[in-house]
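In my numbering, the protein residues as written are 158 to 686. Before any comments, here is the structure.
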RNA sequence: CGGGGCGUAGCGCAGCUUGGUAGCGCGCACGGUUCGGGACCGUGAAGUCGGAGGUUCAAAUCCUCUCGCCCCGACCA
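So this is what it looks like as structure tokens:
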């Protein structure tokens with residue numbers, strides 16, 4: 158890879174071969190569930206995006222431009238609008254359904270911050286498919302087909318992964334799942350329950366935090382001079398953070414809301430947004446104005462504002478701000494304030510699964526794909542309708558399904574490497590075999606190397622020959638670095654005994670084989686993969 | 001968008017504090033030795049010091065503006 162600018166990368170030959178291998182696997186598995194490949198423009202007219210409301214709903218993340226006559230255009234960040242437009246022209250009758258159409262196309266997003274190398278770029282390839290159905294049941298079927306196809310795709314690509322519940326976000330729709338590849342390089346976190354199989358992005362994972370031991374406190378005010386943060390007060394009072402009640406004021410479109418979480422927890426903004434809508438943290442001046450107290454000493458009692466409290470606060474006694482400077486109150490419990498109760502904390506390692514009560518495991522992951530049930534969110538505004546058996550006009554029920562091939566490649570590397578470099582999974586390696594003639598000036602070496610190259614090629618095996626005039630050490634190091642699964646080492650000394658080495662990149666195990674048997678032996682090894 | 005950092009040879013960097021000859025490693029070219037885990041010796045080519053303006057006898061170095069890239073956060077199919 159070479160970086161051209163922030164979030165823009167050039168694929169060099171080896172990397173591009175990997176992408177093509179991944180795309181081939183994707184095409185095969187999409188074909189296997191009856192999807193048909195098409196190709197849609199990257200440049201879109203604004204009107205279609207205006208009809209679904211996303212022209213305005215999406216902010217700076219969309220690249221926008223005008224053509225020479227001043228017409229508003231944008232560069233596609235995804236293709237729901239265009240696909241739905243197409244469906245509105247092509248689909249007339251329930252007899253035309255179901256349909257699944259997909260493309261592997263460039264998407265453009267003006268990311269606020271491109272990062273993590275190839276994981277978050279401004280231009281990237283995406284396989285996006287869209288299903289069109291007459292009923293929810295039929296959508297469910299296509300959704301399931303995609304989930305199964307995705308499982309097969311990631312398995313063939315040699316990834317460890319899991320499917321988790323996710324937040325539909327800007328895509329709209331009610332149900333969605335993400336496919337996640339565990340890796341420290343990832344940007345997301347998922348909560349997993351080994352016992353019952355519950356798995357969800359921490360953005361929406363429900364969890365039951367461990368409870369505090371019982372305390373027996375009389376309600377009393379305590380003087381806490383200049384102690385504002387949970388850490389400061391908990392150190393001062395020699396109590397763990399979990400005995401505190403944290404009050405956070407946010408501003409919503411409908412006014413201020415006081416959010417309450419336990420002292421050792423973080424407020425999850427997306428979970429809160431599901432309850433109160435869009436919000437932002439209140440500024441210091443707003444705090445004072447609305448609650449009449451400065452930050453650090455806020456408590457839930459005695460305010461008229463709407464209060465949303467986390468479930469973890471339902472039981473037990475806590476220390477909260479006293480709503481007057483330099484004082485906290487010990488012995489506050491749920492009975493002391495009126496609140497709406499929701500799970501609004503960030504799920505953590507060790508919290509209990511809200512389904513089965515066993516401890517949750519939180520893991521960092523790379524998002525490698527997702528599937529959404531869109532319903533009629535796009536078909537209604539774009540008038541993509543069909544006539545049902547009764548001649549009734551009804552909106553098409555849609556799903557959309559994405560996979561990022563570059564993220565598959567990145568996850569494959571993150572999950573498969575050692576100190577010497579990459580170890581490509583067999584199915585997506587740029588080549589199957591690398592031949593290393595150690596001394597290209599030796600006639601015999603090159604004769605054997607070229608003969609083997611030809612024989613592998615004839616068998617349809619992708620073979621790379623390092624015929625550079627380099628020292629053996631350089632070739633070994635480079636071969637390990639680029640991670641082609643099988644290395645064929647041709648050295649002068651072994652050749653005198655008519656022997657050639659076959660070496661596994663992953664295990665570094667080497668076997669010496671008679672020259673004539675190399676092709677057969679390698680073919681057998683590859684079948685074992 | 002908030003905070004921080006960095007732009008000097010193809011790549012990685014030093015030099016900037018205290019203004020005065022632009023340097024190191026790798027790579028590259030040539031010659032020689034070496035040749036199964038990133039060789040060694042010698043010679044050589046290669047830089048508008050990100051850009052613009054200013055201060056100064058003199059700017060890579062000081063000042064102002066600007067562009068780009070990276071990191072943390074916010075945001076994010």
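For every residue, glycine included, the Cβ atom is placed at its ideal position computed from N, Cα and C.
Could you please give the first and the last residue of the uninterrupted beta strand (DSSP E) stretch that includes residue i?
i           : result
residue 401 : First-last for residue 401: undefined, no H or E at that position.
residue 199 : Segment: none, residue 199 is in no beta strand (DSSP E) and carries neither H nor E.
residue 229 : 229-232
residue 530 : 518-532
residue 258 : 256-265
residue 659 : 656-661
residue 581 : Segment: none, residue 581 is in no beta strand (DSSP E) and carries neither H nor E.
residue 345 : 345-349
residue 560 : 554-560
residue 428 : Taken as a continuous stretch (DSSP letters only), residue 428 belongs to no beta strand (DSSP E), being part of the alpha helix (DSSP H) at 426-433.
residue 321 : 319-322
residue 334 : 332-339
residue 499 : 497-499
residue 162 : 159-162
residue 416 : 412-419
residue 477 : 475-478
residue 223 : 221-223
Quick one: Cα of residue i to Cα of residue j, how far?
i           : j           : result
residue 617 : residue 186 : 21 Å
residue 561 : residue 648 : 41 Å
residue 494 : residue 335 : 38 Å
residue 456 : residue 478 : 4 Å
residue 591 : residue 293 : 50 Å
residue 708 : residue 291 : Outside the displayed range of the chain (158 to 686) lies residue 708, so it cannot be described from this structure.
residue 223 : residue 210 : 19 Å
residue 253 : residue 558 : 20 Å
residue 571 : residue 340 : 6 Å
residue 654 : residue 667 : 16 Å
residue 236 : residue 534 : 14 Å
residue 496 : residue 270 : 37 Å
residue 486 : residue 398 : 14 Å
residue 386 : residue 512 : 33 Å
residue 548 : residue 322 : 37 Å
residue 621 : residue 588 : 6 Å
residue 225 : residue 202 : 13 Å
Would residue i be called buried (16 or more neighbouring beta carbons within 10 Å of its own) or exposed?
i           : result
residue 169 : exposed
residue 206 : buried
residue 356 : buried
residue 213 : exposed
residue 564 : buried
residue 163 : exposed
residue 278 : buried
residue 594 : buried
residue 574 : exposed
residue 510 : buried
residue 250 : exposed
residue 373 : exposed
residue 189 : exposed
Tell me where the alpha helix (DSSP H) around residue i begins and ends.
i           : result
residue 607 : 600-615
residue 176 : 170-189
residue 676 : 675-684
residue 391 : 387-394
residue 437 : First-last for residue 437: 436-438, but that is the beta strand (DSSP E), not the alpha helix (DSSP H).
residue 211 : 211-214
In three-state DSSP terms, what is residue i?
i           : result
residue 242 : helix
residue 630 : helix
residue 359 : coil
residue 467 : strand
residue 574 : strand
residue 486 : strand
residue 292 : coil
residue 308 : helix
residue 270 : coil
Between residue i and the ligand NAP, is there a pair consisting of the residue's CB and a ligand heavy atom that are separated by less than 7 Å?
i           : result
residue 159 : No copy of the ligand NAP occurs in the structure displayed, which carries no ligand at all.
Counting beta carbon pairs with one atom in the segment 488-506 and one in the segment 452-472, are three or more of them shorter than 8 Å? Contact between the segment 452-472 and the segment 488-506 is established, with three or more Cβ pairs separated by less than 8 Å.
Closer than 8 Å is the cut-off here; do at least three beta carbon pairs connect the segment 506-522 with the segment 343-358? yes
Does the segment 373-383 touch the segment 293-311, meaning 3 or more C-beta pairs lie closer than 8 Å? no
Under 8 Å: do the segment 223-240 and the segment 284-304 share three or more Cβ pairs, one atom per stretch? yes
Determine, using beta-carbon pairs with one atom in the segment 191-202 and one in the segment 522-537, whether at least three such pairs fall under 8 Å. no
Is the segment 633-652 touching the segment 578-586, taking contact as three or more C-beta pairs under 8 Å? Segments in contact, yes.
Would the segment 316-326 count as touching the segment 503-515 if we require 3 or more Cβ pairs under 8 Å? no
Counting Cβ pairs closer than 8 Å, one from the segment 438-457 and one from the segment 405-414, do we hit at least three? Segment contact: the segment 438-457 against the segment 405-414, three or more CB-CB distances shorter than 8 Å; contact assigned.
Does the structure place the segment 384-395 close enough to the segment 430-437 that three or more beta carbon pairs sit under 8 Å? no
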